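Visitor: Structure below; questions to follow.
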Amino acid sequence: MPMKRLNLLNGICVCIISSWYPCSENPLYGIFVHQFAKRIHRVGANVFVITTTKNKQNKEFEKMDGISIFRIGSCFSIFYNPYKLLILYKMLRRADVVNIHAIDILGAILELIAKLMKKPIVITVHRADVLPTNSLLFNLLRGIALKIANVIIAVSYATKDLAVKIGAPKDKVVVVYNTVEESIFFPRPKPLCRIKLGIPQNSKVILSVGNLIPRKGFIYLIRAMPIILNKIPDALMIIIGDGPEKNLLSYLVRRLKLEDKVILTGKVSTDDLCLYYGAADVFVLPSLHEGHAMVLLEAMASGLPVVATKVGGNVETVLHNKNGYLIPPKNVNQLADAIINILIDKNRIRKFRDESIRIYREKFSEEKQICKIAKIYSIAINYRIYL
Numbered sequence: 116m117p118m119k120r121l122n123l124l125n126g127i128c129v130c131i132i133s134s135w136y137p138c139s140e141n142p143l144y145g146i147f148v149h150q151f152a153k154r155i156h157r158v159g160a161n162v163f164v165i166t167t168t169k170n171k172q173n174k175e176f177e178k179m180d181g182i183s184i185f186r187i188g189s190c191f192s193i194f195y196n197p198y199k200l201l202i203l204y205k206m207l208r209r210a211d212v213v214n215i216h217a218i219d220i221l222g223a224i225l226e227l228i229a230k231l232m233k234k235p236i237v238i239t240v241h242r243a244d245v246l247p248t249n250s251l252l253f254n255l256l257r258g259i260a261l262k263i264a265n266v267i268i269a270v271s272y273a274t275k276d277l278a279v280k281i282g283a284p285k286d287k288v289v290v291v292y293n294t295v296e297e298s299i300f301f302p303r304p305k306p307l308c309r310i311k312l313g314i315p316q317n318s319k320v321i322l323s324v325g326n327l328i329p330r331k332g333f334i335y336l337i338r339a340m341p342i343i344l345n346k347i348p349d350a351l352m353i354i355i356g357d358g359p360e361k362n363l364l365s366y367l368v369r370r371l372k373l374e375d376k377v378i379l380t381g382k383v384s385t386d387d388l389c390l391y392y393g394a395a396d397v398f399v400l401p402s403l404h405e406g407h408a409m410v411l412l413e414a415m416a417s418g419l420p421v422v423a424t425k426v427g428g429n430v431e432t433v434l435h436n437k438n439g440y441l442i443p444p445k446n447v448n449q450l451a452d453a454i455i456n457i458l459i460d461k462n463r464i465r466k467f468r469d470e471s472i473r474i475y476r477e478k479f480s481e482e483k484q485i486c487k488i489a490k491i492y493s494i495a496i497n498y499r500i501y502l
């Protein structure tokens with residue numbers, strides 16, 4: 116159910132600053148920031164993005180989905196390139212509000228410049244950027260950035276707690292959940308999706324999506340598969356994503372003799388991703404840590420029962436025994452049991468599916484989150500002298 120065409124931000128000029136942003140060599144890197152930019156553009160905002168790039172082949176200026184993007188190279192290049200500094204100044208001068216996504220050196224430096232220009236500043240924190248670090252310089256810059264911001268948006272209450280622990284003023288932090296592209300992620304006919312992907316109609320499909328890195332916990336999910344197969348011989352596990360753990364996970368699949376039962380697809384297109392959600396029976400997120408996982412929201416918007424670990428923003432997304440199960444991280448047996456309990460009961464699958472759709476629409480919909488963003492921008496712009 117796509118978001119209605121609203122004019123909540125009509126005429127407001129928003130400058131988004133983020134080192135996390137899609138580029139030619141990694142089109143999914145920071146994709147959630149680009150999706151956010153598109154979302155506020157659709158409700159009337161004039162949006163431009165300032166980001167970095169290490170690849171000289173990337174265009175310095177480009178327009179993508181109606182969003183103007185300026186890539187400055189490294190974050191320090193502005194100090195020895197007066198031309199880039201002048202462009203940044205002109206872009207910041209145009210902005211009615213500056214929204215920094217993820218605090219890093221780039222965000223902290225440009226925030227200080229924007230503050231000197233008396234621009235209202237909103238910082239959005241996503242978890243990774245508010246974890247404790249050993250860098251004294253970064254801790255200093257991050258602390259200053261959080262204190263001088265007008266408003267700080269956290270993507271979950273778990274992320275808000277982390278931000279407050281490292282010095283964010285509690286009264287400035289508000290929670291606005293992530294959301295997904297509802298024109299892409301919605302319930303689809305399972306048989307048709309399976310035909311398009313070549314998945315057997317009689318398989319019980321377990322889906323997981325994410326970067327193949329240690330904190331995503333895929334090693335525990337694969338280890339749970341032999342237990343699942345003892346109860347459900349026609350189970351099929353599909354893991355979508357790429358990353359440094361790919362070879363390790365492939366080796367584990369071979370060692371456990373699961374080559375016919377566990378598929379590592381690598382990266383897939385968005386068109387195929389939504390088909391995989393449509394083809395699945397249950398979605399699993401076995402993470403060791405999370406801020407507010409986009410893939411959980413994609414799965415719920417697509418109408419899937421979910422099994423997730425009881426960490427971070429997962430506990431704010433999954434309602435235990437309502438639309439799925441929350442289990443401890445690293446616990447292979449409980450992970451397997453939760454998946455089995457869903458797959459063996461068609462009524463439970465139907466109930467959890469309906470609840471996932473309801474919870475997503477009531478709590479995480481695009482319209483709800485963008486209305487919150489519009490209010491925050493309005494407050495930052497109109498009451499900046501008091502914040």
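For the sequence shown, our numbering begins at 116 and goes up steadily by one. No residue lacks a Cβ here, since even glycine has one placed at the ideal position from N, Cα and C. In this text the structure is predicted, and so the values were computed from the model without any measurement.
1. With a floor of 3 residues, list each beta strand (DSSP E) that falls wholly inside the region 116 to 145, ordered by position along the chain.
2. Assuming V162 contacts I131 (C-beta within less than 8 Å), just tell me the rounded distance between them.
3. For M116, which residues of its own chain have a beta-carbon under 7 Å away from its beta-carbon, when the five flanking residues on both sides are left out?
4. Tell me which residues share the same chain as R154 and place their Cβ nearer than 7 Å to its Cβ, disregarding the 5 neighbours each side in the sequence.
5. Would you call N497 buried or exposed, if buried means 16 or more other Cβ atoms sit within 10 Å of its Cβ?
6. With distances taken Cα to Cα, identify the nearest neighbour of H241 among I268, T248 and L252.
7. Taking the straight line between their C-alpha atoms, what separation do you get for I500 and L434?
8. Is it a yes or a no for the region 173 to 193 touching the region 319 to 337, going by three-plus beta-carbon pairs under 8 Å?
9. Locate the beta strand (DSSP E) running through G381, then write down its first and last residues.
10. Let me know if N214 comes out buried or exposed under the rule of 16 or more other beta-carbons within 10 Å of its beta-carbon.
11. Rank P197, I202 and A495 by C-alpha distance to the C-alpha of F185 and give the top, closest one.
12. Could you check the C-alpha separation between Y198 and H149 for me, to the nearest Å?
13. Using only alpha-carbon positions, find the residue among L227, P443 and N429 that is nearest to A273.
14. Kindly indicate which residue of T424, V270, I454 and E431 has the alpha-carbon position closest to the one of P443.
15. Out of G356, I491, E405 and M340, which has the shortest C-alpha to C-alpha gap to D73?
16. Counting only runs that start and end within the region 289 to 344, where is the alpha helix (DSSP H) found for 4 or more residues in a row?
17. Using the C-alpha atoms, what's the distance from L277 back to N448?
18. Check N498 in the structure and name its three-state DSSP category.
19. Answer with buried or exposed for D396, where buried requires no fewer than 16 other C-beta atoms within 10 angstroms of its C-beta.
20. My output table needs one value for M232: the three-state DSSP class, helix, strand or coil.
21. Taking Cβ positions, are I454 and I343 nearer each other than 9 Å?
22. Please work out which residues of its chain come closer than 8 Å, Cβ to Cβ, to D387, disregarding the five sequence neighbours upstream and downstream, and give them in chain order.
23. Would you kindly report the start and end of the unbroken beta strand (DSSP E) that includes I182?
24. Can you list, in chain order, the residues of its chain whose CB lies under 7 Å from that of V410, leaving out five sequence neighbours each side?
25. Any idea if D219 is buried or exposed, counting beta-carbon neighbours within 10 angstroms, 16 or more meaning buried?
26. Does the distance from the C-beta atom of F285 to that of V279 stay below 9 Å?
27. Report the option in A160, P235, M232 and I328 whose CA atom is closest to the CA atom of A489.
Guide: Taking the structure as given:
1. 128 to 132
2. 6 Å
3. With a pLDDT of only 49 at M116, under 50, the local geometry of the prediction cannot be trusted, and no value is derived from it.
4. E481 and I485
5. exposed
6. I268
7. Any reading at I500 needs caution, since the residue's pLDDT is 41, under 50, leaving its predicted position unreliable; the model's value is listed next. Answer to the nearest angstrom: the Cα atoms are 40 Å apart.
8. no
9. V377 to G381
10. buried
11. I202
12. 26 Å
13. N429
14. T424
15. The shown model of the chain, from 116 to 502, leaves out residue 73, and the question about it has no answer.
16. 305 to 312
17. Spanning the two alpha carbons is a distance of roughly 30 Å.
18. Sequence check: residue 498 is Tyr here, not Asn. Looking at Y498 - three-state DSSP - the assignment turns out to be coil, as it is neither helix nor strand.
19. buried
20. coil
21. yes
22. L312
23. I182 to R186 is the span of the beta strand (DSSP E), which, as asked, contains I182.
24. Around V410: V324, G325 and L400.
25. buried
26. This sequence places Lys at residue 285; Phe is not what is there. Cβ distance < 9 Å, so K285 and V279 count as in contact.
27. Nearest Cα to A489 within the set A160, P235, M232 and I328: A160.
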